[in-house]
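Here UniProt numbering is used: the first residue of the sequence shown is 1, the next is one more, and so on. Here a beta-carbon is modelled for each residue, glycine too, at the ideal position from N, C-alpha and C. Computed from a prediction, not measured in an experiment: that's the story for all the values here. In what follows, a structure is listed as structure tokens, so that the remarks can point back to it.
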Amino acid sequence: MHEYEKNCTLIVPPIVGGSPPSSNELQKRLENPDDMEKCRALQELIIWMIHGEAYKRLLMTVIRYVVQSTSHKVKKYLQLYWEIVEKCDNDGNLKEEMILVCNALRNDLQHPNEYIRGSTLRLLCNLRFLKIIQPLIEAILANLGNRHSYVRRNAVMCIYSIIRTFGIELIPHATDEIEKLLLIEGDVSTKRNAFLVLTNCDVDRSLRYILSIQDNIPYMGDFVQMVLLELFRKIYRGYPHHRNTLLQLIVNIVQYGSPAIAFEGANTLITIGYSTSTNSIKTAIQAYINLLLTHSDNNVKFMILSRLSQITHLTSVLYLLQQYFILDILRVLLCTTSQSILIKILDMILSSLLTKDNCMETFNFLMKHLQTINSSFSNSSTQSEVRQLQQSQLTVLRSLHSITRKYPQITSQQLFEVSISYLGNNDAIFVNEVMQFLREMVISHPNLHSEITQKLLCQLVYIQFSKPIRTCLWIISEYKGHDKESIQKIVDMIYKLLIPLPLHIKCNHRTDESKIEKIENNSNVVTKTIILEDGSYATQDIINHSIENTSKIDNINNFNIDNESYLRKLITNDNDLLLIACLGVSLIKIILIPTYNNNEINLPIHTYNQALYMIVCFLKYSINEKSSGGYMNDTTRRLRQCLHTIKSIYNNIESGGSNEPTSNIIKLRDELFSTGDNLNFDNSSQTISQIGDEYEVQHEPIKVRQPFTTLNFRQLKEKVMLSGYDLLQVEDDIDQYEDPFKICTKNPNNTDIIDCNSLKRIYPITGLDDPVYIEVIVQVQQHDVLLELIIMNRANTALQNIQIEIYPYGNLQIVEKPQNINHLDPSEVVHLYSTVQVQSIETGILFGFVTFQLKPSGNSQLNTNIYSNDTVVLNEINIDLIDFISCKTIPPSLFRQLWAEFEWENKIPIHTFCTSFVHFLKFIMSQTKLSLIGVNPNDINDTDSYINKMSENSSFFAANLYSKSIFGEDALVNISLEKQHTSNNSNENKTIIGTVRIRSRTQGIALSLGDRIVSIQRKIPSDTSNFNCNQLLNINFIEIL
1 MHEYEKNCTL IVPPIVGGSP PSSNELQKRL ENPDDMEKCR ALQELIIWMI
51 HGEAYKRLLM TVIRYVVQST SHKVKKYLQL YWEIVEKCDN DGNLKEEMIL
101 VCNALRNDLQ HPNEYIRGST LRLLCNLRFL KIIQPLIEAI LANLGNRHSY
151 VRRNAVMCIY SIIRTFGIEL IPHATDEIEK LLLIEGDVST KRNAFLVLTN
201 CDVDRSLRYI LSIQDNIPYM GDFVQMVLLE LFRKIYRGYP HHRNTLLQLI
251 VNIVQYGSPA IAFEGANTLI TIGYSTSTNS IKTAIQAYIN LLLTHSDNNV
301 KFMILSRLSQ ITHLTSVLYL LQQYFILDIL RVLLCTTSQS ILIKILDMIL
351 SSLLTKDNCM ETFNFLMKHL QTINSSFSNS STQSEVRQLQ QSQLTVLRSL
401 HSITRKYPQI TSQQLFEVSI SYLGNNDAIF VNEVMQFLRE MVISHPNLHS
451 EITQKLLCQL VYIQFSKPIR TCLWIISEYK GHDKESIQKI VDMIYKLLIP
501 LPLHIKCNHR TDESKIEKIE NNSNVVTKTI ILEDGSYATQ DIINHSIENT
551 SKIDNINNFN IDNESYLRKL ITNDNDLLLI ACLGVSLIKI ILIPTYNNNE
601 INLPIHTYNQ ALYMIVCFLK YSINEKSSGG YMNDTTRRLR QCLHTIKSIY
651 NNIESGGSNE PTSNIIKLRD ELFSTGDNLN FDNSSQTISQ IGDEYEVQHE
701 PIKVRQPFTT LNFRQLKEKV MLSGYDLLQV EDDIDQYEDP FKICTKNPNN
751 TDIIDCNSLK RIYPITGLDD PVYIEVIVQV QQHDVLLELI IMNRANTALQ
801 NIQIEIYPYG NLQIVEKPQN INHLDPSEVV HLYSTVQVQS IETGILFGFV
851 TFQLKPSGNS QLNTNIYSND TVVLNEINID LIDFISCKTI PPSLFRQLWA
901 EFEWENKIPI HTFCTSFVHF LKFIMSQTKL SLIGVNPNDI NDTDSYINKM
951 SENSSFFAAN LYSKSIFGED ALVNISLEKQ HTSNNSNENK TIIGTVRIRS
1001 RTQGIALSLG DRIVSIQRKI PSDTSNFNCN QLLNINFIEI L
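Now the structure itself:
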């Protein structure tokens, strides 16, 4: 090691504020004879030197005026100064002043005070300069025989630091001196340091010493035993003939040592476990277990559990843990309430230690622990304790479920009985965990379905939450083994849980509220004078109900809420429509179970009547729930299907099924399906039959499909555009083999049409001769423009890394850029999408380029793995901003007011060969979505008749028009025209000339409309006989509507 290498052995906090003192100031203070002033000066000098100040001139001052001080405090600061002062010059050689420093250190090593000797020895441990250490070796060795243990301890560590830094050659007889000291030393710390030196410098001497005192090792202190463990790990492989003796020593200190020694000894035994006996490994594991059971610190427990988890990969350790210690590990749960410790233990057991042999023991222990947690709820006084117990309860339950999933044949019977008994728990998460586990077991083990179903039937009445009830109904209805009696029992039980029927919406039941209000209005009101608390008088109105009115009110609320079942409370109090739909579907599935077994409807009519009555009540409740959509909510649609299904059952019975319908059945069916007396829906007089008929009329005939037919989820399919129609808008139940083009071109009259207008919005933006051909389909969606890019590889080789860059001009913003294409085979077509946001009505242009890598052809002599980069500039895409203008109108007075306020004006000259003012006006209105002032634009006949009243005989024409953009920009248009007569070769012709003035608050819409009018005025046909203005106008208004 170089003598000039620096070592940071002292750290002090930074200095906040202030400026460093000058060398002269510190020199004067160091020369002061007062020891306290010297201490303050040395302290300030040390701090500023650590922060970068040199103070090279003060070294000699310190040697002359500070070294001679006898104050212990000054000596301590002086030793810190020797530690940080620069000891070498610029060439790396030791300074000459260090000779004086070395002499001062020798004097301190021979000082009569033991503190100065010991602190000086500690200082020498941090010095790495051979020229300073070598003259002091004799004085250091002489301190090994000092009478104070503090000096001897530091002398041993100083020798160890010198040997580690410069080698044993510098002090060749050091081990002899250390061994002598070790044999006669009585201080534990000094003996530990000496033993550590021997262990690192001469292993044979240390081993010989250990064997000589092996009987006394268990009674030595922790320091010596810790070094012994380090020695054992170092020499275990090199000294096989002493291995058993040393191993027995380790076992003894692990069994009788302190917790720290036991932990380190167990780690040592596990580390060398591949070559030790099984008893040694068992001793180590037992040491871990004892620490877990006896130590109260959760951090220590977590550290030991982490260590146990790490050593489970060792086969010998894993076998012992599985066979002998799994219950001991589980007993740790009884000693702690920490949730992290609980999770750590259960994770370790479930992931590594659980076997077929010990699963039952583990299961029984966890079951007892779960019962202990349940009994602890009565003793918990705070909310935090209850929450912690609930978390522990849920964790243990999930562990029990994991055991049953792994070994269902061993533990399923006992767990089902216990788990189902917890369905009445008031913790929703806990109950849902139980129910989800039962559902999983039903799916994975169908042979358990019958037993689980029977137990759930007994516990359904005690479940308090919606999701577990829905899962329970699903499990019950999915079981196909129900016999006739059990089906009757299930339907009757659900009916009893729902009574009294029908169901009412408690928070929004207008009928009952109106009845109560009406009864209260008929009550007698009595006015009384009362005395308030402050002594003043006041009047009070008291409603005096008669006995008759009171009985009427009681008849409306004819049952106590506390007597309701949990199932009915969930429906009426929480308006749980999803639970209602689940009940309806489950009832239908249950009563149709016989059709799966013997294809017969052989249930009693009473059972069908109960199911029908409940479904009708559900449907009524769902329709009355206006906040969720009423007729249009999903629950209503689902219940309609249930109603149609049970209606088909009655039709089957009537047509000659296994049960002949009685007159009462027919009467009940007719009342439910044909009349509306029993079902007076809110704000509706529709009957159930009418609802079903209306459903059939408004929709196409229902396609009959099997229950397990694959469903098509359009949200998960690739977005495809066809002729401007988004295929994702196709209804979900369209058959996957149906022609998508027919789907897109359907109209309400069932005639197939093609959207020809969408063809006008297809723009080729590259050429057919380019390697990549791109077409874009522009579609307007409210404030956005959707670009569908169709990319086709026209080259003979594959294209890679295709990237399309599109940039806007005007008030356009690219919201979604097209995705990159990594690879495109020849003639392959890919659809990409990009979204452009329109911010105002101004001229909008999109431009850009496409970059790609083209692989050379096969005839090329170049390397075929090299791709050439190529770029194609895209054609401009003009955004037709007329799509963002809507046809509106305003009163004439407001038109004049706005005409005076608006500043932007765009004046457009008109010169056209069209001879009809009306023809010109209709064409302009149809192409620009302008409407006449004072005329309703939505009434086509009114607009047509108003325009036809205009005289064609006049030579002058004027009209005011108005339109408004979807961004709220107003456009005022004034058209002023006149007919001009021209003659050419004795033929007289008429033309229309004039101006169109457009005013707006902003410039954008005025310029856009002006550009539109300029581009279309040349397209107006001059022969009115070949132009059907009314048809054009009608088509325009149909599009607007």
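Which residues DSSP lists as bridging residue i, in chain order
i: residue 88; result: 94
i: residue 956; result: 978
i: residue 37; result: In the DSSP output, where bridge partners are listed per residue, residue 37 has none listed.
i: residue 1055; result: Not covered by the structure: residue 1055. The range shown for the chain is 1 to 1041.
i: residue 398; result: Bridge partners of residue 398: none, in fact.
CA nearest to the CA of residue i, picked from the options
i: residue 1055; options: 971, 798 and 817; result: Missing from the structure shown is residue 1055; the chain here goes from 1 to 1041 and no further.
i: residue 801; options: 808, 38, 819 and 138; result: 819
i: residue 493; options: 456, 142 and 835; result: 456
i: residue 892; options: 378, 853, 932 and 918; result: 932
i: residue 814; options: 839, 821, 475 and 792; result: 839
i: residue 900; options: 973, 30 and 926; result: 973
i: residue 968; options: 783, 363 and 134; result: 783
i: residue 463; options: 429, 481 and 444; result: 429
i: residue 475; options: 574, 450, 631 and 128; result: 450
i: residue 107; options: 58, 69 and 85; result: 69
i: residue 807; options: 300, 873 and 232; result: 873
i: residue 415; options: 395, 432 and 438; result: 438
i: residue 285; options: 360, 477, 453 and 264; result: 264
i: residue 213; options: 360, 249, 375 and 140; result: 249
i: residue 97; options: 87, 911 and 979; result: 87
i: residue 290; options: 328, 25 and 71; result: 328
Inter-residue CB distance, residue i and residue j (contact presumed, cutoff 8 Å)
i: residue 577; j: residue 635; result: 4 Å
i: residue 178; j: residue 198; result: 6 Å
i: residue 971; j: residue 964; result: 7 Å
i: residue 125; j: residue 161; result: 4 Å
i: residue 74; j: residue 39; result: 6 Å
i: residue 917; j: residue 854; result: Between residue 854 and residue 917 the Cβ distance is about 59 Å, and since that is not below 8 Å, they are no contact.
i: residue 615; j: residue 643; result: 6 Å
i: residue 132; j: residue 84; result: About 14 Å; that fails the 8 Å criterion.
i: residue 349; j: residue 362; result: 6 Å
Residue i - DSSP class collapsed to helix/strand/coil
i: residue 805; result: strand
i: residue 220; result: coil
i: residue 849; result: strand
i: residue 19; result: coil
i: residue 272; result: coil
i: residue 239; result: coil
i: residue 206; result: helix
i: residue 667; result: Reliability of the predicted coordinates at residue 667 is poor, the pLDDT of 42 falling under 50, and the value obtained from them is presented with this limitation in mind. Note: residue 667 maps to helix in three-state DSSP.
i: residue 819; result: coil
i: residue 832; result: strand
i: residue 122; result: helix
i: residue 683; result: Confidence at residue 683 is low in this model, with a pLDDT of 36, below 50, so the placement of that residue should be treated as unreliable; the coordinate-derived value is given next. Correct three-state label for residue 683: coil.
i: residue 764; result: strand
i: residue 774; result: strand
i: residue 331; result: helix
i: residue 446; result: helix
i: residue 1001; result: coil
i: residue 45; result: helix
i: residue 916; result: coil
i: residue 962; result: strand
i: residue 427; result: coil
i: residue 357; result: coil
- Quick one: complete alpha helix (DSSP H) runs, 4+ long, within the segment 151 to 192? Counting only runs of 4 or more, we get 174 to 184.
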